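The UniProt record's numbering applies: residue 1 is where the sequence shown begins, and numbers increase by one. We put the beta carbon where it would ideally sit given N, CA and C, even for glycine. As the structure is a prediction and not an experimental result, all values here were calculated from the model. These notes concern the structure reproduced below.
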Amino acid sequence: MSQKNYNAHIDETYAIIKTSRKLTGLSMPNTEQASSG
């Protein structure tokens, strides 16, 4: 895998994680309370 493709893959993965975190935050506003017990 070339460096260019590698960087593009990282950017895409980061965007997916960022989006999923946003969606998780919107759907579960009490994430900290739920995860702590």
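So for residue i, helix, strand or coil by DSSP?
i, result
"S2", "coil"
What does the alpha-carbon distance come out to for the pair residue i and residue j?
i, j, result
"H9", "R21", "18 Å"
"D11", "L26", "23 Å"
"I17", "N7", "15 Å"
With a threshold of 7 Å on Cβ separation, who are the neighbours of residue i within its own chain once the five nearest residues in sequence on each side are excluded?
i, result
"S2", "none"
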